[in-house]
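Each remark here refers to the structure printed beneath this line.
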Amino acid sequence: MSDSLRAAYTAVSRYNHWIIAFAIIGMLAFGLYLDEAELERSTKVMLVGLHKSIGFLILLFGFWRVGWRLREGFPDAVPGMPRWQEIATKAMHWALLVGILAIPASGMAMSLGGGHAVDVFGLFTIPSPGKVEWLSSVGHVVHGLGSKVLIGLIALHTIGAFKHHFVDKDTTLVRMTHGGVTGEAA
6 MSDSLRAAYT
16 AVSRYNHWII
26 AFAIIGMLAF
36 GLYLDEAELE
46 RSTKVMLVGL
56 HKSIGFLILL
66 FGFWRVGWRL
76 REGFPDAVPG
86 MPRWQEIATK
96 AMHWALLVGI
106 LAIPASGMAM
116 SLGGGHAVDV
126 FGLFTIPSPG
136 KVEWLSSVGH
146 VVHGLGSKVL
156 IGLIALHTIG
166 AFKHHFVDKD
176 TTLVRMTHGG
186 VTGEAA
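The opening residue of the sequence shown carries number 6 in the numbering used here; numbering runs sequentially from there.
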């Protein structure tokens, strides 16, 4: 990426961000629903299967998303941002990228390690290696606890974006919604 473009996110980066954001938020809500809802067994089995299929797609897209971010790097901080905020921003972005991969991967580990194949929309099946207790246990802990951590990270990320837009009146949010890099936020 040239220096003149380092102040903005590319169109591909913006699309990647919003696609994965809506997919992850939707799946987190879906997962919470599955945990809390009292459903008939057949309905729950069908919905968990759908959750696994969508999770597999999110994992694939997540690899693309993280690979793209590693290839492109991160744009420079907006002018005048305190150094501690730059560090916090980088840490937040890296934590979100890890979460994008860790949550769906741990869901797969939980299922496959539990001895359950993953049927992906009826198109193909990822076979289980059989019961692998440690894999299922680690997957279960990471998926359950990690999902809650990811919800917190997304909340902080969103609050930070709005703080930059409405309090600091800088272009942080505008660069991710419109790609603009000049002028002040509305």
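Think of the CB as a built atom: it goes at the ideal place given N, C-alpha and C, for glycine as much as any other residue.
DSSP places D40 within a helical segment (H, G or I) once states are collapsed to three.
Counting other Cβ atoms within 10 Å of its Cβ, T177 reaches 16 or more and is therefore classed as buried. Straight through space, the alpha carbons of V123 and G104 are spaced by roughly 21 Å. For V123, the pairing in a beta bridge is given by DSSP as I131.
The beta carbon of I59 lies closer than 7 Å to those of M32 in the same chain, with the five residues before and after it left out. Between the region 20-35 and the region 141-150 there are fewer than three inter-stretch CB-CB distances shorter than 8 Å, so the stretches are not counted as touching. Apart from sequence neighbours up to five positions away, the residues of its chain that approach E138 with a beta-carbon distance below 8 Å are G118, ordered along the chain. According to the DSSP secondary-structure assignment, K136 is paired through a beta bridge with G119. If you compare the alpha carbons of S18, T48, G54 and L140 with that of F66, the shortest gap goes to S18. Around the beta carbon of P109, a 10 Å sphere encloses 16 or more other beta carbons of the protein chains shown; the residue is thus reported as buried. The C-alpha of L44 is placed about 44 Å away from the C-alpha of E77. Excluding five sequence positions before and after A82, the CB atoms of its chain that fall closer than 6 Å to its own CB belong to E91, given in chain order. For A96, the three-state secondary structure derived from DSSP is helix.
Taking a contact as a CB-CB distance under 8 Å, the pair I30 and I159 counts as one, their CB atoms being some 7 Å apart. When rounded, the separation of the alpha-carbon atoms in G151 and L101 is 11 Å.
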